[in-house]
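Some notes on the structure that comes next.
Residue numbers (full-length UniProt numbering): 1 to 753.
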């Protein structure tokens with residue numbers, strides 16, 4: 001035996017052990033962290049052009065309030081403590097400059113428009129109470145204010161049209177508790193088991209039947225989680241029209257199908273045994289059936305989305321860049337999310353896309369339900385934009401931004417993480433083809449899009465607002481509804497107005513109508529509106545004249561006037577309607593952007609209704625008008641409380657003006673009918689409860705612009721599709737085998753309420 005052999009064996013064994021150890025250690029080692037290209041969020045001190053559209057900063061709001069307090073010559077009470085007889089600042093928001101000024105600045109090298117605020121003030125403490133709107137500027141150091149009320153609305157805004165402040169709701173609640181309810185102690189105690197904390201109420205709107213009314217039905221619910229589906233059968237009509245709270249009074253009372261003059265009469269009828277009582281089982285504080293607490297324990301984690309090489313978009317101030325897209329964003333305190341200066345491949349395709357209004361019209365056999373026509377802009381879609389929860393409301397790794405607003409208080413407030421931006425792989429191809437004829441190949445493109453989202457919780461409903469940007473140049477506006485369905489107490493013929501969803505709960509039929517403003521600038525400001533559709537024509541087959549062929553052909557029509565471009569809700573609309581530019585593509589067609597609407601909206605209120613003109617935008621699924629600075633919105637926050645004499649009537653926008661080669665605006669109405677059903681308990685899901693529109697290039701380009709996307713995949717049967725340089729998808733095990741950097745979960749939604 002060779003004496004060196006044991007040493008050789010030992011050395012070999014040591015090498016094997018070392019190799020095995022390295023292998024085992026490498027298997028147990030964590031994957032590297034994904035590349036972290038931070039979202040770029042600059043401070044608002046930047047001179048970026050998009051700042052012309054930027055929301056007011058908290059500092060600017062402070063300066064506006066301070067200026068108004070010192071320059072109006074009247075005492076201003078903080079709106080959070082104001083009585084109806086006080087003067088106060090109801091809201092402060094950005095005054096968006098005139099479009100011509102902005103375009104001179106953005107495109108023509110003109111001066112930056114002065115930065116200004118729009119302040120809404122309630123003047124209750126003067127001989128002629130009214131609502132006045134002031135433009136205040138220049139910011140950040142205001143030096144002037146001008147009253148624009150008459151210029152905007154053609155006259156003063158009467159005080160009764162003012163949206164209710166949060167303090168007015170509190171004052172009505174105090175009136176019910178201290179004045180109204182003590183008049184019926186026996187009824188409340190024995191029937192409702194009432195104490196000062198056991199009842200919640202929901203208001204209705206509009207407040208009456210004619211201009212000047214301010215009488216509101218307040219519907220009583222058990223004060224539990226999800227109280228909206230826990231009606232107790234009692235509704236009280238409060239006349240709160242007087243500026244003196246001491247003069248407020250109960251005008252009518254409703255209980256279980258019967259009407260009473262006031263709470264005294266209700267109490268008397270109950271004590272005398274002349275009331276049909278339906279006692280509702282008292283629900284626990286968590287709401288029982290209305291609780292959103294999961295009924296199942298956590299199990300395997302749901303799929304997550306991450307960006308292995310960092311986000312492919314950037315956010316600078318209020319400006320977003322994503323592949324060929326760029327745009328500015330903002331949040332109106334009244335109407336919510338809005339976009340400006342939307343460009344694709346460097347060319348502006350839209351100047352403004354914004355939410356205008358969210359309308360719900362209810363039916364019921366209870367007074368509160370049957371009289372409800374909510375116009376959510378009056379309550380404040382932007383004001384009620386709610387904090388978003390990572391991983392549920394938006395993808396966990398989305399970019400989250402705070403929203404600052406000033407409303408119902410003289411101090412600005414912050415809604416943390418109230419807006420999110422993210423790129424989303426939609427899990428399907430944007431386009432693809434598999435060829436097994438002639439040549440063998442596969443070509444495809446993942447459908448990855450950028451989403452800008454906010455969610456507004458206005459009372460019982462949560463609206464998910466999305467603007468989505470696709471790689472082929474299309475833009476989608478989309479709204480999804482969730483939250484709790486509003487309900488009435490089930491009695492009598494209630495099933496004519498909805499479905500029974502719990503023992504005493506009627507889910508009431510209602511509509512959701514959403515209005516958008518879309519100011520397209522296709523190949524420039526001047527556009528025309530063109531309709532393309534199809535018709536069948538009968539022809540004899542040229543090769544066999546004795547036979548006929550029914551062939552579809554293209555129909556074309558230029559819509560010359562606003563009347564021609566106003567399409568009523570239920571009438572047939574041309575399936576291809578597009579804004580046409582004055583330029584042509586390579587193939588000789590007018591460049592255009594098509595409007596494609598997805599809607600299941602319910603019927604519109606009959607035009608004979610005394611309040612219909614206030615919501616006349618909802619007559620039309622699409623109306624295209626000439627753009628005018630004096631027609632900035634399709635409605636007004638003052639229409640809610642005086643729809644009988646609307647401050648803004650959209651129907652007046654349509655007056656048969658020529659719309660050929662003009663600056664045009666499309667007003668789009670979309671939505672759905674909701675008949676609540678048992679699956680709306682505990683609350684409504686987004687699936688099926690959505691609507692929206694698409695803006696799609698139509699001969700705008702010479703070919704699909706997404707062919708230039710870096711995400712494309714193509715390989716033939718003759719190529720090595722496992723090679724990364726041929727097929728980047730083959731490299732995913734290498735390029736995407738990293739651990740995403742998930743930030744700690746935080747939530748500030750219960751702060752600053």
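C-beta atoms are modelled at their ideal positions from N, C-alpha and C, and glycine is treated no differently.
Residue from the options with nearest C-alpha to residue i
i, options, result
"residue 147", "118, 362 and 598", "118"
"residue 229", "725, 677 and 468", "677"
"residue 567", "552, 544, 531 and 103", "531"
"residue 128", "103, 135 and 159", "159"
"residue 662", "648, 632, 628 and 650", "628"
"residue 378", "637, 151 and 126", "637"
"residue 437", "65, 138 and 717", "717"
"residue 705", "55, 121, 430 and 311", "430"
"residue 659", "558, 374 and 698", "558"
"residue 754", "564, 516 and 481", "Nothing in the structure corresponds to residue 754, since the chain is present only between 1 and 753."
"residue 474", "447, 497 and 463", "447"
"residue 181", "689, 322 and 197", "197"
"residue 84", "747, 352, 246 and 687", "246"
"residue 56", "142, 405 and 664", "405"
"residue 336", "59, 633, 296 and 735", "633"
Local Cβ density within 10 Å of residue i, reported as buried at 16 or more and exposed below that
i, result
"residue 743", "exposed"
"residue 273", "exposed"
"residue 88", "buried"
"residue 108", "exposed"
"residue 543", "exposed"
"residue 434", "exposed"
"residue 747", "exposed"
"residue 45", "Reliability of the predicted coordinates at residue 45 is poor, the pLDDT of 35 falling under 50, and no value is obtained from them."
"residue 303", "exposed"
"residue 219", "buried"
Assigned secondary structure, residue i (DSSP; H/G/I helix, E/B strand, else coil)
i, result
"residue 670", "strand"
"residue 180", "helix"
"residue 502", "strand"
"residue 247", "helix"
"residue 99", "helix"
"residue 705", "helix"
"residue 489", "strand"
"residue 223", "coil"
"residue 157", "strand"
"residue 356", "strand"
"residue 695", "strand"
"residue 678", "helix"
"residue 215", "strand"
"residue 724", "coil"
"residue 209", "coil"
"residue 465", "strand"
"residue 471", "coil"
"residue 228", "helix"
"residue 401", "strand"
"residue 20", "Here the model assigns residue 20 a pLDDT of 40, short of 50, so the residue's position is not dependable, and the following value carries that caveat. Correct three-state label for residue 20: helix."
Contacts around residue i, its chain only, beta-carbon distance under 8 Å, and the 5 residues preceding and following it disregarded
i, result
"residue 320", "313, 314, 326, 327, 328, 329, 421, 450 and 452"
"residue 691", "478, 479, 512, 514, 598, 599, 600, 601, 670, 671 and 672"
"residue 90", "79, 120, 121, 122, 131, 162, 163, 165, 407 and 408"
"residue 242", "84 and 248"
Nonlocal neighbours in the same chain, by C-beta distance under 6 Å from residue i, ignoring five residues either side
i, result
"residue 388", "394, 417 and 420"
"residue 749", "387"
"residue 249", "239"
"residue 213", "207"
Heavy atom of the ligand ATP within 6 Å of residue i beta-carbon
i, result
"residue 518", "Looking for the ligand ATP in the displayed structure turns up nothing, as the structure carries no ligands at all."
Neighbourhood of residue i by C-beta distance below 7 Å, restricted to the same chain and skipping five residues each side
i, result
"residue 116", "95, 135, 136, 137, 138 and 139"
7 Å Cβ cutoff, residue i in contact with chain C
i, result
"residue 81", "This model lacks chain C altogether; it includes just one protein chain."
Determine contact between the region 442 to 460 and the region 381 to 395, defined as no fewer than three beta-carbon pairs at a distance below 8 Å. yes
Does the region 276 to 292 touch the region 651 to 669, meaning 3 or more C-beta pairs lie closer than 8 Å? no
For the region 500 to 508 against the region 338 to 345, do three or more pairs of beta-carbon atoms, one drawn from each stretch, fall closer than 8 Å, so that the two count as touching? no
Stretch-stretch touch, CB-based, cutoff 8 Å, three pairs: the region 636 to 654 with the region 205 to 216: yes
Do the region 484 to 497 and the region 507 to 516 meet, that is, are 3 or more Cβ pairs less than 8 Å apart? yes
Counting Cβ pairs, one atom from each stretch, are 3 or more of them under 8 Å apart for the region 209 to 225 and the region 148 to 157? no
Segment contact, 8 Å Cβ cut-off, at least three pairs: the region 703 to 721 with the region 428 to 445: yes
Is the region 606 to 619 touching the region 489 to 496 in the sense that three or more CB pairs, one from each, lie closer than 8 Å? no
Are three or more beta carbon pairs between the region 519 to 527 and the region 544 to 551 nearer than 8 Å? no
Is there contact here, the region 365 to 379 with the region 395 to 410, by at least three beta-carbon pairs under 8 Å? no
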